[in-house]
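Residue numbers (our numbering): 16 to 328.
Just so you know, even glycine gets a beta-carbon here, dropped at the ideal spot from N, CA and C.
It should be emphasised that the depicted structure is a prediction, and the values quoted were computed from it without experimental measurement.
Notes for the one structure printed next.
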């Protein structure tokens, strides 16, 4: 039986929703859910609540959405009055200030979607796939003043399938991580989980994604390009230029042909692009700027790309 703990939950994205729901289902008292303010989205720029807020509303949990927390005295007084045993942080999107770190007896516990110290930072799932990893996992850790540098509490591995994208892997990690959080709290309370220091010499970084990360470098091998295509879904994707317009590559496979890097080769209805290290990319689906998603066959028939025409310009 899990000891019922007094918790504050800080989170924003869809990845954090299973953690909130499973902590509630385990019987913990979630006195407050802290999430980012509603943000404008879509063409109408209507305010949209975060996935965590929507989940908290369904669970009838109290919610607060402060714009800032570091020097917010009202927010500080609110958290202090709760006397939380632990503050749970999953993708909240704010740096946790020292006063929050010192508040709960069990600490501020973070769920991070990598096997720390590998892939510290904002985009661990995306960079693990983009770098060709075949194993990833989750870490629960105590937050300290550094970037994902706190003591490790528990870890669990998960394989990355050859066809996984960031969109297919993230939900599985979220579900597994939610269970790991419940186990971590149980272990901390029973004294069976013991924090251990990270080995900083083994650390790698997973910085927040930028638009330019999706630009295809055709000097890379086809496997490097395909890993980045899988990792950078749904944004920034994998893109190049065709006749001066942005061209998104949405689905592709390795091809046996040897074609110069960035050069196009047409073989029947197949659209081949040369990559580095004597490798090539067979493009299956793509989308030209301002147009709909299409197959390589329809693209060839519609735009008549010339043999040896170069992508990227």
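For the pair residue 63 and residue 48, the CB atoms are not nearer than the 8 Å cut-off.
If you check the CB distance, residue 253 and residue 264 come in under 8 Å. Judged by beta-carbon spacing, residue 296 lies within the 8 Å limit of residue 287, meaning their Cβ atoms are closer than that value. For residue 123, the closest of 249, 163, 55 and 82 by C-alpha to C-alpha distance is 163. Around the beta carbon of residue 307, fewer than 16 other beta carbons sit within 10 angstroms, so the residue counts as exposed.
For residue 302, the secondary structure class from DSSP, reduced to helix, strand or coil, is strand. The closest CA to that of residue 175, considering only 149, 153, 194 and 157, is found on 149.
DSSP places residue 153 within a strand segment (E or B) once states are collapsed to three.
Taken atom to atom, the span from the alpha-carbon of residue 100 to that of residue 300 is near 51 Å. Separation of residue 239 and residue 274 (C-alpha to C-alpha, rounded to the nearest whole angstrom) is 16 Å. Remark: fewer than three beta-carbon pairs, one from each stretch, lie closer than 8 Å, so the region 82-99 and the region 126-137 are not flagged as touching. C-alpha of residue 215 to C-alpha of residue 166: approximately 11 Å in a straight line. Taking all protein chains in view, the Cβ of residue 110 is surrounded by fewer than 16 other Cβ atoms within 10 Å, so the residue is classified as exposed.
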